[in-house]
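Sequential numbering of the sequence shown, starting at 313, is according to the numbering used here. Here is the structure we will look at.
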Amino acid sequence: MEKNNRKEARSYLQKALVLTNAENHEIIRCYGLCEYWY
């Protein structure tokens, strides 16, 4: 993935976290993995 795509995906994940009030553990897990790997 290009850096641009990563930034976009990250912003979508952040929006998703806000929308679900961080209740969705899958999203949190994905976000954590993204933060860790990239």
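Glycine included, C-beta positions come from ideal geometry on N, C-alpha and C.
With fewer than 16 neighbouring CB atoms inside 10 Å of its own CB, residue 324 falls in the exposed class. In the three-state reduction of the DSSP assignment, residue 316 falls in the helix class, which pools H, G and I. Non-local C-beta neighbours of residue 345 in its own chain, meaning closer than 8 Å and more than five positions away in sequence, are absent.
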